[in-house]
Each structure stands twice: as structure tokens, then as C-alpha cells.
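Residue numbers (our numbering), protein chains in the order written: chain B, 1 to 317; chain Z, 1 to 505. Even for Gly, the Cβ is constructed at its ideal location relative to N, Cα and C. Right, one structure below, let's go through it.
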């Protein structure tokens, strides 16, 4: 079998990513004695969990033909809302529920703009990103709000069965969405809606409803990762999550999801999240300046997407 | 032969991976000749043409233009040698004028004190001259966006002439054109011939091929399968070479009435849609195929989907399915009431390109394969495999994405979706447009079988031969109204004659 034929087979993009991931792991373990320890691996997972959570829902949303740029801003706002409510005496559990409901409501609003009104999702969610990010700053005056509450901080820094709680939460969400996409009727609707919305509508696929649900879930995932981040940091910073938006989109694309919709898997995204987290961690251990880390991350993204394009061309003829 | 032909392809071979697509193919084209290139889908026509146009490199073989070997490894090389490909979808620049479109590759410039500027008068002059060579009088200053699609096609041909084209390859140029527009295009092709240009004409319509071509070259399974002088060739022998085995008629023989033919399956009264349909009424019995024939713009683009629910509610119309009133709401509602619908634009409205064969087939009735929210792979696979076998869908495996299938096989998938128990009426729009003859025959056979089982079929088509060959009864639409009704034994000529009769009345 020729190389081209091997590349051509389905899932080859994910295989390539896995090979690259293993290469990076081997490289870092050679250069840093601490890298390959169990604790370090777990800390990579825990640190990436709040980003991974946002990527998890962003993946089916992009597959279905949508896009949510406001998700990281929602994370910022949700942390702020919990901190402010808690400070004013609201029970922490109730505050969390309110923040999650707010996230879902923002998702619903994004859905209304992008699906019902038919605005370009890039523009619609860029607008709501700016509004939400601004509101978080207004509510806090731009300052971090401390958030100390043992039960709450457990979801960010606690352990269960020897594993970090945020990592477990993230893996649970990935398993659930993986099953949903691969096995259920809803998963079919996601792929069909993104691949050809008009044809899907004509065979009776509820394209609009599918997208609305995903926008709502995306808002919810933003709120949830905002809670995890605030729990990890013992504080809610209004702009702590917003900077990670590009990482979220980069991970989804790196994982092999097509921005044109119709193609992608949740497991590719998970692998990309781990890869980006590992790069961050490894470069820090090797004392590389965090300024260089942005350069590396962007370079990896361009390399992966470039390679994928070459592969697609080869497959096309 | 002493004079070398305009274009000669000799011993062309091409493989993709382990799949051999072309094997030792020869093709000759003389100046001023129309060569029809025929072949079932997958025969290698489009690969051969892409090699000629520099899209794919060839593995082996020689391409000669007027006897000289030429390299054609990039599309620009083919264009500079005067080889032009006009794809099925017209590709023009909608926001530029007709003249700018025609001369886009070589815009005339003039020197002014500001520098080089577009020379509008020369542009206009050159465009008029090129359009005159085609015998048409389009306004060169009009925006191409405002043109009808046959006129856009003319702009494309004029652009090829502007680039000194010697060989023009046309892929299904009449898809979506009416009879009159097709005749107008043929007149243009005749003019190209008299100017010494060689035309390679790819089409599925045998009628057209016999009307326009001088010679017919047939490909089958990547090999030359026959070369005919059109004048002395018969349809039967051309068809036989294309399909490889001696085939009978394209249309399967007629049978007696289908099951339950005394029951009315669908009754439509007073169906109207602003600007398209005006008070249309008809009924279909179970086990019956009703044809709706019309030219483009007659309302055949809307009638089927209006009933199905693609346009939402139809106020004023009374529609009865199986004795019960039905009000169109949306496609999902139509599906749940026992209507099936196969849309005319297969790429845009039919296939889900990224889903596999099985997932495409089960999509409308996915509920039937779902238990506790999960799709049962085994039941889905069994059902899909059944359709792949019965309709002869050619795919490497059931998960193969639909974008990789040929047009005919994609259409079989779109049909298989709806052939389930409980379907009352199947609405088909242009079911065999762009489908090769072998697949067409298999599609017609499947329709016959489901008709026999009592399914009512509404076949909307602008192909008079198809309506005459397949339908039990037919109605003809003209400007949104029913202009003729035929019960049994209708001929293509009858169908085509109806609108003109009305014109003279």
C-alpha cells in the first residue's frame, strides 16, 4: 500500500495527530525528568479541563454548521456571577445553578440570532462575546473577586479515586458526547445538518432545533468551565477565560473538525486538547518563555492544518 | 491519414492508487467536428477530460495538437494551447459586465496620464465581435448577474473564443435548459464548427447526441468501446456498447394496474402558489405513476415540493391523502403523513455528502432504527445492505461517504431512503437528471416494482421521453396551469405539442 493510500483512509488525520502527540511526549520526557511522572500527567489534564470542556461542545456545534465565539466570555461571566452572588450571601450551590442557567440562556440567545434570525454565527457570537466580556468587567470593575468555599473549590482542585476532579468531569462530558455523536439519532442530525442543511431539511431533519440545542449546550459548557476555572483559582477574574478562545477554536480545528461543517470527531478534539496542554506543560518545564509558547501553539496548528490540506489534495487525485 | 487531426490522445492510462481508471484510451478530434463522448458513470469520461484539460497528469500516453506533442500538466497550459473546458455548472463572474467576463484574461488597456486604464471602447468592440461570431446580440455592458443561465453559457463560450480556443469541451451543457434554449445552444455549436473549432460534447441524452454530433466515441470501464459516425449509427448499437451487454429498452415493459388501483392515494384540488402555480388539480391512484410534464418555468419546479410541504402552508388548496385531509406545514410533517420527496437538485438538496451510504438511506426514517435513543447499527446495516443489493448501488462499503459515489449511485441512495412500508405517495423531481443510462434503467425498474406493490408515484419531469416511457397517466403544465391531460399511451410528441397548441389558440 502506498503512503497516499494509507493517508487516504478515514481517520488518518487523527492517527497523524496521535503520532505527533506521542512524539512530543517522548521528546519532553527526554529533556525533562519530571515530565513523564503521574502527577505531571494529571496536572496537564486538570489544567486543560476547563478549555477541554468548551471544546467538547464546540466540536458538535461546528460539525452542525454553527460556531460560538462567545463561549470563553461566558466562562468569565459565569465565574464573576457566582463570586458576586456568593459574596452577597447566596448559597454557593444556588449561585452555581444560576450561573449555569445564565450560560444556557446566553446560548439560547446566540441560537436565536444565528439560527432564527439567520445572522452569520461568526458575527452574531462575536457581538455577544463583546457584550458578555464587557458586562463581566462592568460587574467587577475589572477586578478579580475572591471565591473561597471548600465544597466549591473541590470541583477545581479536588481529587476523586486519585484523579483530579476537573479531569474526570471533562472525560465524562467527552464520553457522553462521543456516544451521542456516534450512536444516537441526535448525532446523525448533527452531521447531516452541517453537511447539507437544505437536503437535511427536505428529508425531515430538524436542522434548526438541532442547532438551537447545541448553542444552548455551548453556553452551558462555557458557564461550567467558568465555574471550574474560578474553583481552581480561588477567585473569579472577569478576563481569565476570554484569552483562551483561540485555543478552543484551534483545538477543534486541530482535532480534524471541518469549519465548513459535516466532518469531525470529539476524540480528535480531545487529542488536540491534550496535545496543546502537553506542549504548554513541557515548554514550561524546559524553561521556555511563555511568549514562545504562543508561537509554538500557532505553529503546530498551521502545521497540522497544512498537512491535512496536503492529505486531502492527495486523496482528491 | 495524411492530415493530422486537430487533437489526438493516444494510449492514455491513468490510475488512482490501485484503481485503474483509464486503460490505453485513444481519442481523435478533427477541426470543425463535434465529437460526442459517451459512457456510463464511472466509465472514465471525466478523468479523460481532466487529463486533456491539465487537471490530472496522465500516467502514460501522448497528447498531440495538430500533430505536435504537448505537455498538459497544469490547467493554464491546456488553456494556452487552446483547450477549454466548460464544466456543467456555468462559471462566470456575476458582478462584472458581459464584456469584462469575456475578455477577463486579456483586458484591453490604454495609456493615460494617470497610468494604464481599462480601454472601455475597445473592450466593448471586441466583445461585440466575439458575440457576433456566436450569432447572439447580448448587451456587452449588462451585468452577468442579470442574465439567464443559457445566456451565461454563451458568455462562457465567448470567453473561450477570446482565449483563441481550438478545442472546447462541454460537459452536459444542456442540463436545466428548455427545448428552445437547447436548440439555441446547438445553433451556437454549429457556428463553432464552421469556424474550425473542435467540440467534445459530453451528454447523457442520446437524443441530443444524435442531433448535434458528427461522431460518437464510447468509453466503457476505462477503455475505448466503440467509435461511430453518427449518421450511420443506431441508438441500439451505441447503447449496447455503453452498457456492455445487449440491453433491451431503456424503459421496462408496461404491466397491468398495481395493487389497490381503485383507491385514490392523493387528491389535489385548487393548488396555487403566487407566481408559479395557478389552480392545479389532479388525483393519483394507488399503484399508479402520474407524470407531470412541463418546460422550465412552467411550474414543475414547484408543484411537487408545494404538496410535500417545502413551501409551508398552501392556503386555498385541498389536499387529501388516503381519504384524510392534509395541510402542508413543513417537510417533516409531509414525511410523517406518508409523503416521500426526491428533489431535483441532487447535490444541493438531495445527498448528505459527508454521511455514509447507510446513514444517508436511513436518515428520513431513522426513528425506525432507533431504540432508547441509540441507532441500532445491526438493523441499519441490514436495511441498507438490502437496498444496496436490490438497487445495485455501487459503493466500496456501507460507510463510504456519499460525496465519493457517482451521480447515478447517489440518486439510487436518494430514492432508497423513501422506499419503506407505510409510504403513500412518492414525489420525484427530475429523478434521472445527470444519471447514466444503466442506472436509469435500474431506477425505472425499482419504480415499477413499488408501483406494483400499490405505491402512488408523482413523477415531475421536463424529459418528455421519460414521462411517456414511465407514466400511466400524465398532465402537462404551462405557465402554472394544467394545459393538458393524458390517460395512457402518451407519446413524447403529444406532450411537447400541448403548450404550442395553446400558444396559437
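| Query | Result |
| --- | --- |
| Anticipated Cβ contact below 8 Å, residue 374/Z with residue 184/B, distance rounded | 6 Å |
| Proximal residues, the segment 167-200 of chain B versus chain Z, C-beta separation under 7 Å | 183, 184, 185, 188, 191, 192, 195, 196, 198, 199, 200 |
| Close beta carbons around residue 205/Z, own chain, < 6 Å, minus the five adjacent residues each side | none |
| Sufficient close CB pairs (3 or more, under 8 Å) joining the segment 9-16 of chain Z to the segment 53-62 of chain Z | yes |
| Interface residues of the segment 337-361 of chain Z facing chain B [CB-CB below 8 Å] | 341, 343, 348, 349, 350, 351, 352, 353, 354, 355, 359 |
| 9 Å Cβ cut-off: residues of chain Z touching residue 65/B | The premise fails here: residue 65/B is roughly 11 Å from chain Z at the closest Cβ pair, so nothing lies under 9 Å. |
| Residue closest to residue 246/B, alpha-carbon to alpha-carbon, out of 55/B, 120/B, 46/B | 55/B |
| Short Cβ contact (8 Å threshold) for residue 458/Z with residue 304/Z | yes |
| Option nearest residue 31/Z by Cα separation, candidates 52/Z, 134/Z, 166/Z | 166/Z |
| Cβ of residue 263/B within 8 Å of any chain Z Cβ | yes |
| is_contact[residue 15/B, chain Z] using C-beta, thresh 8 Å | no |
| Nearest neighbour of residue 356/Z, chosen from 280/B, 272/B, 192/B [CA to CA] | 192/B |
| Helix, strand or coil at residue 395/Z according to DSSP, with G and I counted as helix | coil |
| Chain-ordered chain Z contacts of residue 206/B [CB-CB under 8 Å] | 332 |
| Residues bridged to residue 456/Z [DSSP beta-bridge criterion] | 425/Z |
| Beta carbon proximity, residue 9/B to chain Z, threshold 8 Å | Note that residue 9/B has pLDDT 42, beneath the 50 cutoff, so the model's placement of it is unreliable and the number below is only indicative. With 8 Å as the cut-off, residue 9/B does not count as an interface residue toward chain Z. |
| Buried or exposed by the 16-neighbour rule on C-beta atoms within 10 Å, applied to residue 176/B | exposed |
| Nearest residue (CA-CA) to residue 97/Z, options 89/Z, 127/Z, 224/Z | 127/Z |
| Residue 149/B in three-state terms, based on DSSP | coil |
| Nearest to residue 437/Z (by Cα), restricted to the options 367/Z, 159/Z, 252/Z, 76/Z | 252/Z |
| Cross-chain neighbours of residue 202/B in chain Z, by beta carbon under 7 Å | 310, 331, 341, 343, 349 |
| Same chain only: Cβ atoms within 7 Å of residue 45/B, ignoring 5 sequence neighbours per side | 164, 167 |
| Residue 352/Z (DSSP reduced to helix, strand or coil) | coil |
| Minimum C-alpha distance to residue 440/Z - residue among 402/Z, 463/Z, 183/Z, 56/Z | 463/Z |
| At least three beta-carbon pairs within less than 8 Å, the segment 274-286 of chain B to the segment 25-43 of chain B | yes |
| Minimum Cβ-Cβ distance from residue 58/Z to chain B less than 8 Å | no |
| Residue 429/Z vs residue 460/Z beta-carbon contact at 8 Å | yes |
| Residue 488/Z, buried or exposed, once every other Cβ within 10 Å from all chains shown has been counted against 16 | exposed |
| Cβ distance (whole Å) where residue 200/Z is taken to contact residue 29/Z below 8 Å | 6 Å |
| Chain B contact for residue 120/Z (CB, 8 Å cutoff) | no |
| Proximity winner among 302/Z, 328/Z, 315/Z, relative to residue 345/Z (alpha-carbon distances) | 302/Z |
| Partners in chain B for residue 481/Z, counting only beta-carbon separations shorter than 8 Å | The premise fails here: residue 481/Z is roughly 26 Å from chain B at the closest Cβ pair, so nothing lies under 8 Å. |
| Anticipated Cβ contact below 8 Å, residue 425/Z with residue 363/Z, distance rounded | Incorrect: roughly 19 Å between the Cβ atoms, too far for contact. |
| Sufficient close CB pairs (3 or more, under 8 Å) joining the segment 84-104 of chain B to the segment 201-214 of chain B | no |
| Under 8 Å from the C-beta of residue 363/Z: neighbouring residues of chain B | 188, 192, 200, 203, 205 |
| Selected residue, minimal CA-CA separation from residue 132/B, among 182/B, 78/B, 86/B, 116/B | 78/B |
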